[in-house]
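> Dumping the structure here so I can ask a few things about it.
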Amino acid sequence: MEDIMSRKALCLLSCLLLALTAGAAEYSIRGTTDKDVAIYKPGEKMVFTLRVLDNGSPVAGKTVKWTRTGDDGKTEKGEGVVDEKGLTVTTSTDKPGFVRILAHAFGEDGKNLQGFVGGWGDNKNGNIFFDGGACVDPEKLITVEEPKDFDEFWKATKAKLAEVPLKAEQKEVPSKNPKVKIYEVKIDCAGPRPVTGYLTVPADAKEKSLLGILQFHGYGVRKHTPPGGLNDKAIVFDVNAHGMELGKDDEYFKQLQKDLQNYCFKKDENTDREKTYYYGMAMRVMRALEYVKSLPEWNGKDLQSNGGSQGGLQGLWGAALDKDVSSSSIWSPWCCDFGGITLGRLRGWRPDYNEALNYFDPVFHAKRINSKVHLIANYGDYTCPPSSVWIVYNNIPHENKSMEVKQGCTHGYEMKKCMRYVITPKEIKDVGEKK
Numbered sequence: 069m070e071d072i073m074s075r076k077a078l079c080l081l082s083c084l085l086l087a088l089t090a091g092a093a094e095y096s097i098r099g100t101t102d103k104d105v106a107i108y109k110p111g112e113k114m115v116f117t118l119r120v121l122d123n124g125s126p127v128a129g130k131t132v133k134w135t136r137t138g139d140d141g142k143t144e145k146g147e148g149v150v151d152e153k154g155l156t157v158t159t160s161t162d163k164p165g166f167v168r169i170l171a172h173a174f175g176e177d178g179k180n181l182q183g184f185v186g187g188w189g190d191n192k193n194g195n196i197f198f199d200g201g202a203c204v205d206p207e208k209l210i211t212v213e214e215p216k217d218f219d220e221f222w223k224a225t226k227a228k229l230a231e232v233p234l235k236a237e238q239k240e241v242p243s244k245n246p247k248v249k250i251y252e253v254k255i256d257c258a259g260p261r262p263v264t265g266y267l268t269v270p271a272d273a274k275e276k277s278l279l280g281i282l283q284f285h286g287y288g289v290r291k292h293t294p295p296g297g298l299n300d301k302a303i304v305f306d307v308n309a310h311g312m313e314l315g316k317d318d319e320y321f322k323q324l325q326k327d328l329q330n331y332c333f334k335k336d337e338n339t340d341r342e343k344t345y346y347y348g349m350a351m352r353v354m355r356a357l358e359y360v361k362s363l364p365e366w367n368g369k370d371l372q373s374n375g376g377s378q379g380g381l382q383g384l385w386g387a388a389l390d391k392d393v394s395s396s397s398i399w400s401p402w403c404c405d406f407g408g409i410t411l412g413r414l415r416g417w418r419p420d421y422n423e424a425l426n427y428f429d430p431v432f433h434a435k436r437i438n439s440k441v442h443l444i445a446n447y448g449d450y451t452c453p454p455s456s457v458w459i460v461y462n463n464i465p466h467e468n469k470s471m472e473v474k475q476g477c478t479h480g481y482e483m484k485k486c487m488r489y490v491i492t493p494k495e496i497k498d499v500g501e502k503k
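The numbering of the sequence shown is our numbering, which starts it at 69 and goes up by one.
This is the structure in structure tokens:
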């Protein structure tokens, strides 16, 4: 009898919690522009509408506070109480570049409204926000001057890499999919570190039958574990940025995090193009591509160099420095347009500028890419600003390129049902949600 009562009580408690969860507020801010494609002319009014949503439905009575910044150096602020139609913010800019609108919402008690905010930590909830923008004449954005010996530097770097024989160690590790084999791989490389990563190959692969995919990692020092999603149609090489030892315990990675703390941000290293951390990382990218091309299963023609954020930086290096790369899928690439801040553009999260870093800037590497490229840029991403990604797109010297641009999305958050469009040399196509 007691067991039955306990089960009834547990069931009642579960139902109560479910009801409370179903009725709980899940706030967000939806931002839109008066144009489906948020590209404007100099001086043209940009009209943003900011709505506070509760579980996807507009609500009234909340306060929205916003700040407008931009590549023109102007700052504006404002606030207002929203109705169900939202709050409008009108601005403009007279020069090529981007405008950023950052907004937060507050309840009647003056406290920040809470909801899903994404990000890279374990806690995905926090103060809700809208982070987005618009642009004027992005095709006219300019950069600092490219180093005159750019190509000579990379020719010399490739020669240095070639002095180290392509020697790899492969150790098979357990796979959850009998159709795919997994290997720990370590490859000798010029510079202070080897290339390491996990290689997956279909178990029944024949010689010269498969495309090769290289996936490069984002910023940070994290334990590199075997991949979960296994592709049984391609060679996939999942490459970490640091040549870290694989299969080690947590203590090893904790120490490595200390050893590599603030890598790429050290000013004394970044003044020398051969001492900066980017130098060794770029050589590891080239060596990883060489390795995949050496595998007997590679078909000799299809080679992808992919990644996002820091992985996007590496993916673009790969596409520029290895002419066998056939395509790249790149989202929010890091460290594009290092010198943009000297021209007045809004800064992203990246090292302070000096001329030695120009040799690693994807805006210059983009001019050397002859393969297909698809980019993603986010209007609210000020880790990797949209202006910098757009310049990469501008500088790719052929028409086999495309870029998706998303409204209200940041480096770690994607606004639901966001306005977005895809741009190619031939057209701009609206593919997002309507206002």
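Where a beta carbon is used, it is the ideal one built from N, C-alpha and C, also for glycine.
None of the values given here were measured: they were computed from a predicted structure.
1) Leaving aside the five residues before and after Ala-387 along the sequence, list all residues of the same chain whose C-beta is less than 6 Å from its C-beta, in chain order.
2) Skipping 5 residues on each side, what residues in its chain have a beta carbon closer than 8 Å to that of Gly-259?
3) Can you tell which of Gly-412, Lys-361 and Arg-415 has its C-alpha closest to the C-alpha of Asp-390?
4) Using DSSP with H/G/I as helix, E/B as strand and the rest coil, what is Thr-89?
5) Taking Cβ positions, are Asp-151 and Ala-173 nearer each other than 8 Å?
6) Could you please give me the residues that DSSP links to Ala-171 through a beta bridge?
7) Measuring CB to CB, does Phe-284 end up less than 8 Å from Gly-186?
8) So, are the CB atoms of Val-204 and Gly-165 less than 8 Å apart?
9) State yes or no: is the C-beta of Asp-420 within less than 8 Å of the C-beta of Ile-459?
10) DSSP three-state label for Phe-305, please.
11) Spatial neighbours of Pro-294 within its chain, please: C-beta separation below 7 Å, excluding the five flanking residues on both sides.
12) Just the Cα atoms here: how many angstroms apart are Val-45 and Val-253?
13) Can you tell me whether DSSP reads Ala-445 as helix, strand or coil?
14) In whole angstroms, what separates the C-alpha of Leu-381 from that of Pro-430?
15) If Asp-140 and Glu-94 are in contact, beta carbons under 8 Å, what's the gap, nearest whole angstrom?
16) Closer than 8 Å is the cut-off here; do at least three beta carbon pairs connect the segment 144-160 with the segment 181-201?
17) Note down the Cα distance separating Lys-474 from Glu-501, rounded to an integer number of angstroms.
18) Going straight from the alpha carbon of Ala-224 to that of Asn-338, what length do you get?
19) Give the straight-line distance between the Cα atoms of Ala-90 and Gly-124, rounded to the nearest whole angstrom.
20) Count the other CB atoms, across all protein chains shown, that sit within 10 Å of the CB of Pro-454; report buried if there are 16 or more and exposed otherwise.
21) Note down, in chain order, each residue of its chain lying with its Cβ closer than 7 Å to the Cβ of Asn-308, except the 5 sequence neighbours on either side.
22) On the DSSP letters alone, give me the boundaries of the beta strand (DSSP E) that Ala-258 sits inside.
The relevant details are as follows:
1) Ser-373, Val-393, Ser-396, Ile-437 and Ser-439
2) Tyr-347, Gly-348, Met-351 and Arg-352
3) Lys-361
4) Unreliable positioning characterises Thr-89 in this predicted model, as indicated by a pLDDT of 40, which lies under 50. The coordinate reading is nonetheless provided below. In the structure shown, Thr-89 sits in a helix (DSSP, three-state: H, G or I).
5) no
6) Trp-134 and Phe-198
7) no
8) yes
9) no
10) strand
11) Val-241, Ile-250 and Tyr-266
12) Since the first residue shown for the chain is 69 and the last is 503, residue 45 is missing from the structure and cannot be characterised.
13) strand
14) 7 Å
15) At roughly 36 Å, the Cβ-Cβ gap does not stay under 8 Å, so Asp-140 and Glu-94 are not in contact.
16) no
17) 11 Å
18) 19 Å
19) The predicted model places Ala-90 with a pLDDT of 42, which falls under 50 and marks its position as unreliable; any figure quoted below should be read in that light. Looking at the two C-alpha atoms, the distance is approximately 13 Å.
20) buried
21) Thr-264, Gly-265, His-285 and His-292
22) Taken as a continuous stretch (DSSP letters only), Ala-258 belongs to no beta strand (DSSP E), as it is neither H nor E.
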